[in-house]
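Structure first, then comments.
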Amino acid sequence: MADRSQPVKSVGTRAPSSATPRAAASTIAPWQKPNYGLTALALLAVAVIVLLTLGTLAAVAMRADTPVTLRVSDWAAIRFTLWQAALSAALSVALAIPVARGLARRRFPGRGLLITALGAPFLLPVIVAAMGLIAIFGRNGVVNAGLGALGLPEVAIYGPQGVILAHVFLNLPLATRLVLQGWLSIPAERFRLAESLGCNSRDIMRLLEWPMLRAVVPGAAVVIFAVCLTSFAVVLALGGGPRATTVELAIYQAFRFDFDLGRAALLGLIQFALTATAAALAFGLVRPVMFGGGLDRVVSRRDADHWALRVQDSLAILSAAVFLLLPMAVIAVDGAPGLFSLPPQVWAALGRSLWVALLSTAMCLALAVPLALFAAKWRHGRAIEALGTLTIAASPLVIGTGLFVVIFPYMRPSDLALPITALVNAALSLPFGLRALAPAARDVQADYGRLAESLGLRGFARLRLLTWPRLRRPIGFAAGLAAALSMGDLGVIALFADPDSATLPLQMYRLMAAYRNDDSAAAALLLLLASFGLFWIFDRGGRADAGT
Amino acid sequence: MLELEGAVIANGEFAVDADLKIAPGTRVAVIGPSGAGKSTLLAGIAGFAPLSAGQVRWNDARIDGLAPGARPLSMVFQEGNLFPHLNVAQNVGMGLRPDLHLSQAEQLRVTAALERVGLEEMGKRRPSALSGGQQSRVALARVLLRNRPVLLLDEPFAALGPALRHEMLDLVADIAAEESLTLLMVTHDPRDARRIASQTILVAEGVAHPPRATDALLDDPPEVLRAYLGAE
Numbered sequence: 000m001a002d003r004s005q006p007v008k009s010v011g012t013r014a015p016s017s018a019t020p021r022a023a024a025s026t027i028a029p030w031q032k033p034n035y036g037l038t039a040l041a042l043l044a045v046a047v048i049v050l051l052t053l054g055t056l057a058a059v060a061m062r063a064d065t066p067v068t069l070r071v072s073d074w075a076a077i078r079f080t081l082w083q084a085a086l087s088a089a090l091s092v093a094l095a096i097p098v099a100r101g102l103a104r105r106r107f108p109g110r111g112l113l114i115t116a117l118g119a120p121f122l123l124p125v126i127v128a129a130m131g132l133i134a135i136f137g138r139n140g141v142v143n144a145g146l147g148a149l150g151l152p153e154v155a156i157y158g159p160q161g162v163i164l165a166h167v168f169l170n171l172p173l174a175t176r177l178v179l180q181g182w183l184s185i186p187a188e189r190f191r192l193a194e195s196l197g198c199n200s201r202d203i204m205r206l207l208e209w210p211m212l213r214a215v216v217p218g219a220a221v222v223i224f225a226v227c228l229t230s231f232a233v234v235l236a237l238g239g240g241p242r243a244t245t246v247e248l249a250i251y252q253a254f255r256f257d258f259d260l261g262r263a264a265l266l267g268l269i270q271f272a273l274t275a276t277a278a279a280l281a282f283g284l285v286r287p288v289m290f291g292g293g294l295d296r297v298v299s300r301r302d303a304d305h306w307a308l309r310v311q312d313s314l315a316i317l318s319a320a321v322f323l324l325l326p327m328a329v330i331a332v333d334g335a336p337g338l339f340s341l342p343p344q345v346w347a348a349l350g351r352s353l354w355v356a357l358l359s360t361a362m363c364l365a366l367a368v369p370l371a372l373f374a375a376k377w378r379h380g381r382a383i384e385a386l387g388t389l390t391i392a393a394s395p396l397v398i399g400t401g402l403f404v405v406i407f408p409y410m411r412p413s414d415l416a417l418p419i420t421a422l423v424n425a426a427l428s429l430p431f432g433l434r435a436l437a438p439a440a441r442d443v444q445a446d447y448g449r450l451a452e453s454l455g456l457r458g459f460a461r462l463r464l465l466t467w468p469r470l471r472r473p474i475g476f477a478a479g480l481a482a483a484l485s486m487g488d489l490g491v492i493a494l495f496a497d498p499d500s501a502t503l504p505l506q507m508y509r510l511m512a513a514y515r516n517d518d519s520a521a522a523a524l525l526l527l528l529a530s531f532g533l534f535w536i537f538d539r540g541g542r543a544d545a546g547t
Numbered sequence: 000m001l002e003l004e005g006a007v008i009a010n011g012e013f014a015v016d017a018d019l020k021i022a023p024g025t026r027v028a029v030i031g032p033s034g035a036g037k038s039t040l041l042a043g044i045a046g047f048a049p050l051s052a053g054q055v056r057w058n059d060a061r062i063d064g065l066a067p068g069a070r071p072l073s074m075v076f077q078e079g080n081l082f083p084h085l086n087v088a089q090n091v092g093m094g095l096r097p098d099l100h101l102s103q104a105e106q107l108r109v110t111a112a113l114e115r116v117g118l119e120e121m122g123k124r125r126p127s128a129l130s131g132g133q134q135s136r137v138a139l140a141r142v143l144l145r146n147r148p149v150l151l152l153d154e155p156f157a158a159l160g161p162a163l164r165h166e167m168l169d170l171v172a173d174i175a176a177e178e179s180l181t182l183l184m185v186t187h188d189p190r191d192a193r194r195i196a197s198q199t200i201l202v203a204e205g206v207a208h209p210p211r212a213t214d215a216l217l218d219d220p221p222e223v224l225r226a227y228l229g230a231e
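If you read the protein sequences in the order shown, they are chains A and B.
Using numbering that gives the first Met the number 0, read the first sequence as starting at 0 and increasing by one per residue.
Using numbering that gives the first Met the number 0, read the second sequence as starting at 0 and increasing by one per residue.
Set out below in structure tokens:
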């Protein structure tokens with residue numbers, strides 16, 4: 000307890016005392032005053048976020064070409080960005096509905112494991128996903144081999160269809176989780192009631208499931224739409240050319256090939272307008288969603304016992320599992336032989352990536368933890384959480400362009416490539432971190448706030464004895480997400496890096512672009528192992544020996 | 000002497016008026032219809048609900064400006080009295096030092112307090128390994144070590160069965176007598192009040208009335224209390 004409180008503290012013990020409390024005169028009691036240290040940290044975090052998103056945007060705006068003149072290719076990029084995102088979102092959600100319905104009403108061995116595995120593509124580095132899809136749908140992949148054997152024309156993975164395929168691969172799991180949550184939010188009693196009234200599965204669809212889908216599907220679609228607007232690595236690997244260039248890729252090309260900062264900045268403004276619109280839409284439509292937790296319930300549904308429905312559900316679940324797990328399996332198989340004969344620059348890139356991932360994780364926690372704790376104590380705390388998600392609307396390449404514009408006059412941006420990548424990755428992981436931490440911090444305050452106050456548990460002792468033990472699981476989870484996302488990120492680094500400062504995803508992309516297939520496959524496996532490994536270590540560390 | 004003078008305790012839209020005095024060492028029950036403000040009264044004394052007017056005094060010193068932990072009182076809540084991630088001895092030790100930097104002598108006092116409530120073997124266990132009654136005992140052991148003159152109980156035994164509840168009430172009465180504590184206990188059962196409280200505060204319609212002798216109040220209840228109690 001602070002020394003300052005000594006005169007008032009003596010009232011609290013039963014030692015004979017004539018002390019008179021001095022604080023009593025003020026209308027606000029001392030314990031109701033804000034915790035200045037925490038407030039300062041939270042404000043600092045807010046400042047960092049605002050500078051990174053809106054500050055870089057301002058830098059971009061000042062540098063952008065004026066008068067604004069858009070070329071034909073720019074319009075093509077805007078059109079492609081919008082329609083590929085719309086189509087990717089629509090397909091992801093449409094395919095997710097039968098899968099989620101199957102998972103909601105079927106109990107089978109491995110169901111829990113499958114739902115956990117559905118989370119894996121979220122942690123999978125995007126460039127690795129692209130490579131896995133190439134291995135299956137590419138020229139030499141199993142799909143084309145099968146089509147060739149049947150005498151059918153082959154499919155091409157490069158181009159718009161490849162971009163959309165990859166986006167569906169990456170977002171189908173998210174869509175499935177969102178829709179599954181919708182299904183499980185219907186109370187089991189409703190199904191029982193409907194059953195007791197003699198409803199068949201078509202009536203139940205109309206009465207219960209259709210209204211749920213109408214509430215859930217638009218939100219899920221908008222989130223995926225927004226994610227696909229800012230997708231970069233997929234388009235870099237599978238798109239390009241006049242038919243499949245997004246605004247994000249056009250920014251990169253203006254930078255890398257023309258070194259035209261003014262044009263890159265102008266494209267950055269366009270990109271921001273697109274994402275801000277999508278984010279505003281999403282903000283109105285999307286319900287808060289938690290990862291993990293609560294998806295293990297199965298509603299027993301006698302209306303769905305019909306054999307045709309069983310076959311339908313089994314097919315949906317099986318095809319989704321194969322579609323989502325096969326590319327990862329292929330990476331493992333193709334990459335394993337070359338893993339220990341990788342060129343030294345790949346190992347050096349791994350070292351740099353680990354360094355970036357750990358730094359980024361530390362930064363992400365430094366932003367998310369104070370924000371979550373502050374939001375839990377403050378009456379308008381949810382506004383803070385909304386602010387934290389501002390970075391969802393931000394495009395990494397716009398932030399990167401802005402930082403480049405700011406740094407360029409003073410020093411070589413490539414010297415700062417790694418710290419900047421870490422910082423931008425931290426900002427991009429922040430929404431997920433906050434989503435894991437903020438509700439937990441709120442619970443601690445609601446469940447133990449009064450008890451802690453009544454015992455005088457405050458300051459550092461409270462942090463050590465209450466906050467840390469109660470929050471270590473979500474902190475571990477958030478750290479794992481941040482580390483894995485940063486490990487696999489191929490975005491800002493592509494703008495800043497010179498040949499000597501590539502991270503592992505960039506190094507892997509370079510090997511792919513050089514058609515060094517064995518090395519790139521091995522590097523992909525290495526990257527996959529590093530991303531999943533980092534997540535596992537942090538998540539595990541948060542759980543280990545944590546009392547409940 | 001615990002005094003509430005012209006106190007208006009705010010709890011959102013709702014407020015409780017209290018103008019009353021409790022003599023030191025008295026055991027007082029707080030009774031009244033649900034939603035009438037029993038818990039709000041305790042929250043006001045403990046510092047969890049702000050006063051919009053008036054004062055709370057202990058032995059003529061104002062305490063309504065103090066943080067909850069600095070007030071001359073201990074509180075046992077309806078639930079959530081223990082930190083689930085700390086063991087029993089740590090939970091009790093918080094009564095001595097919230098930062099748990101306990102000296103050898105202080106650790107002996109923790110052991111002694113656990114012995115007093117009959118849990119001498121349980122120090123290393125987590126609360127989840129304890130029964131509901133044992134958890135209440137841990138909270139009371141912590142009250143012993145906090146060594147504050149006033150004890151507030153907000154229906155802490157409501158979830159226990161009758162026999163266990165009586166046992167806990169008797170333990171509370173014993174501890175209050177040994178430590179000459181001033182006790183305020185919210186209850187919804189008039190038999191609890193008769194069992195351990197010589198005085199009873201009736202809280203009804205947003206007013207906490209001054210304490211009266213428990214038996215006299217319950218034998219001839221005013222209209223509002225009669226409606227709540229029904230035929231006893």
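For each residue, glycine too, the CB sits at the ideal point set by N, CA and C.
Pull out every residue of the stretch 459-490 of chain A whose Cβ sits closer than 7 Å to any Cβ of chain B, in chain order. ALA460, LEU464, LEU465, PRO468 and ARG469
Provide the residue span of the beta strand (DSSP E) that contains GLN198(B), from first to last. Within the second sequence, the letter at position 199 stands for residue 198(B). Residues 198-203.
7 Å Cβ shell around LEU237(A) - same chain, five flanking residues per side excluded: For the purposes of this step, residue 237(A) is identified with residue 238 of the first sequence, where counting begins at 1. Excluding positions up to five away in sequence, the list reads ALA129, ILE156, TYR157, GLY161, VAL162 and ALA165.
So SER394(A) packs on GLU247(A), CB below 8 Å; how close in whole Å? As a first step, residue 394(A) must be located in the first sequence, where it is residue number 395. As a first step, residue 247(A) must be located in the first sequence, where it is residue number 248. SER394(A) to GLU247(A), Cβ: 6 Å. Contact.
Just mark MET585(A) as buried or exposed, buried being the case when its beta carbon has 16 or more other beta carbons within 10 Å. The first residue shown for chain A is 0 and the last is 547, placing residue 585(A) beyond what the model contains.
I'd like to know whether the C-beta of PHE290(A) is nearer than 8 Å to at least one C-beta of chain B. Along the first sequence, one-based indexing puts residue 290(A) at 291. Note on PHE290(A): pLDDT 40, under 50, position unreliable in the model; the coordinate value appears next. No, PHE290(A) does not count as interfacial toward chain B.
Can you check whether the CB of PHE224(A) is closer than 8 Å to the CB of VAL397(A)? Along the first sequence, read from residue 1 onward, the residue named residue 397(A) stands at position 398. Along the first sequence, read from residue 1 onward, the residue named residue 224(A) stands at position 225. No, these two residues do not count as a Cβ contact at 8 Å.
Between the Cα of THR347(A) and the Cα atoms of VAL125(A), MET507(A), ASN139(A) and PHE254(A), which residue gives the shortest distance? Here residue 347(A) refers to the residue found at position 348 of the first sequence. For the sequence presented, residue 347(A) should be read as Ala rather than Thr. Minimum Cα distance to ALA347(A) is reached at MET507(A).
Alpha carbon of PHE47(B) to alpha carbon of PRO67(B), nearest angstrom: Mapped onto the second sequence, residue 47(B) falls at position 48. Mapped onto the second sequence, residue 67(B) falls at position 68. Between PHE47(B) and PRO67(B), the C-alpha separation is close to 7 Å.
Assumed close pair PRO369(A), ALA41(A) - CB separation to whole angstroms, cut-off 8 Å: Counted from its first residue, the first sequence places residue 369(A) at position 370. Counted from its first residue, the first sequence places residue 41(A) at position 42. Correct: roughly 5 Å between the Cβ atoms.
From SER72(A) to VAL443(A), what does the alpha carbon distance come to, in whole angstroms? Residue numbering aside, residue 72(A) sits at position 73 when the first sequence is read from its first letter. Residue numbering aside, residue 443(A) sits at position 444 when the first sequence is read from its first letter. Cα to Cα, the separation comes out at about 53 Å.
If you draw a straight line from the C-alpha of ALA371(A) to the C-alpha of ALA437(A), how long is it? Within the first sequence, numbered from 1, the residue matching residue 371(A) stands at position 372. Within the first sequence, numbered from 1, the residue matching residue 437(A) stands at position 438. One C-alpha to the other measures close to 5 Å.
Taking Cβ to Cβ, would you say ALA220(A) is nearer than 8 Å to ALA89(A)? Within the first sequence, residue 220(A) is the residue found at index 221, counting from 1. Within the first sequence, residue 89(A) is the residue found at index 90, counting from 1. Yes. Within cutoff.
Does DSSP classify MET204(A) as helix, strand or coil? Reading the first sequence from its first residue, position 205 is the one you call residue 204(A). MET204(A) falls in the helix class under three-state DSSP.
Less than 8 Å between the C-beta atoms of LEU171(A) and LEU94(A), yes or no? Residue numbering aside, residue 171(A) sits at position 172 when the first sequence is read from its first letter. Residue numbering aside, residue 94(A) sits at position 95 when the first sequence is read from its first letter. Contact: yes.
With 7 Å as the C-beta to C-beta threshold (strictly closer), list the residues of the stretch 428-451 of chain A near chain B in chain order. ASP446, TYR447, ARG449 and LEU450
Are the CB atoms of ALA63(A) and LEU265(A) nearer to each other than 8 Å? Locating residue 63(A) in the first sequence gives position 64, counting from the first residue. Locating residue 265(A) in the first sequence gives position 266, counting from the first residue. Closer than 8 Å, so yes.
Which chain B residues are close to GLY455(A), counting only those with a beta carbon under 8 Å from its beta carbon? As a first step, residue 455(A) is located in the first sequence; it is residue number 456 there, counting from the start. The contacting residues are ALA66, PRO67, GLY68, ALA69 and PRO97.
What residue range does the alpha helix (DSSP H) around ILE21(B) cover? Within the second sequence, residue 21(B) is the residue found at index 22, counting from 1. Here ILE21(B) belongs to no alpha helix (DSSP H); instead the beta strand (DSSP E) covers 13-21.
So, LEU505(A) versus ALA493(A), is the Cβ gap smaller than 8 Å? Taking the first sequence and counting its residues from 1, one reaches residue 505(A) at position 506. Taking the first sequence and counting its residues from 1, one reaches residue 493(A) at position 494. Yes, the pair counts as a contact, with Cβ atoms nearer than the cut-off.
Among LEU341(A), ALA421(A), GLN311(A) and MET410(A), which has the Cα closest to the Cα of ALA356(A)? Position 357 of the first sequence, counted from the first residue, corresponds to residue 356(A). That would be ALA421(A), whose Cα lies nearest to the Cα of ALA356(A).
8 Å is my cut-off, CB to CB: does MET93(B) come that close to chain A? To locate residue 93(B), count along the second sequence from 1; it is residue 94. Closer than 8 Å to some Cβ of chain A, the Cβ of MET93(B) qualifies, so yes.
Segment limits, alpha helix (DSSP H) that includes SER359(A): The residue labelled residue 359(A) in the question sits at position 360 within the first sequence. 343-376 is the span of the alpha helix (DSSP H), which, as asked, contains SER359(A).
Specify, as a first and last residue, the run of the beta strand (DSSP E) that ILE156(A) falls within. To locate residue 156(A), count along the first sequence from 1; it is residue 157. No beta strand (DSSP E) holds ILE156(A); DSSP gives it neither H nor E.
DSSP three-state assignment for ALA393(A), whether helix, strand or coil: Here residue 393(A) corresponds to residue number 394 of the first sequence, with the count starting at 1. Here ALA393(A) sits in coil by DSSP.
Taking a Cβ distance cut-off of 8 Å, strictly less, list which residues of the stretch 160-189 of chain B are near chain A, in chain order. none
Would you mind working out which of LEU81(B), HIS165(B) and ILE200(B) sits nearest ARG449(A), comparing C-alpha positions? Along the first sequence, one-based indexing puts residue 449(A) at 450. Checking every option, the nearest Cα to that of ARG449(A) belongs to LEU81(B).
Where does the unbroken alpha helix (DSSP H) through ILE135(A) begin, and where does it stop? Within the first sequence, the letter at position 136 stands for residue 135(A). Counting along the chain, the alpha helix (DSSP H) containing ILE135(A) begins and ends at 125-136.
Put ILE62(B) into one of helix, strand or coil per three-state DSSP. Within the second sequence, the letter at position 63 stands for residue 62(B). Three-state DSSP puts ILE62(B) in coil, outside helix and strand.
THR181(B) - containing beta strand (DSSP E), residue span: Against the second sequence, residue 181(B) aligns to sequence position 182. Residues 181-185.
Under 6 Å Cβ to Cβ from GLU2(B), same chain only, skipping five residues before and after it: list those, please. On the second sequence, position 3 is the one that residue 2(B) refers to. Same-chain partners within the cutoff: LYS20 and ARG56.
Ordered list of alpha helix (DSSP H) runs contained in the stretch 102-150 of chain B, each at least 4 residues: 103-115 and 131-145
What residues of chain A sit near ALA45(B), judged by a beta carbon separation below 7 Å? Here residue 45(B) corresponds to residue number 46 of the second sequence, with the count starting at 1. Simply SER453.
Cβ of MET121(B) within 8 Å of any chain A Cβ: Your numbering for residue 121(B) matches position 122 in the second sequence. MET121(B) does not count as touching chain A.
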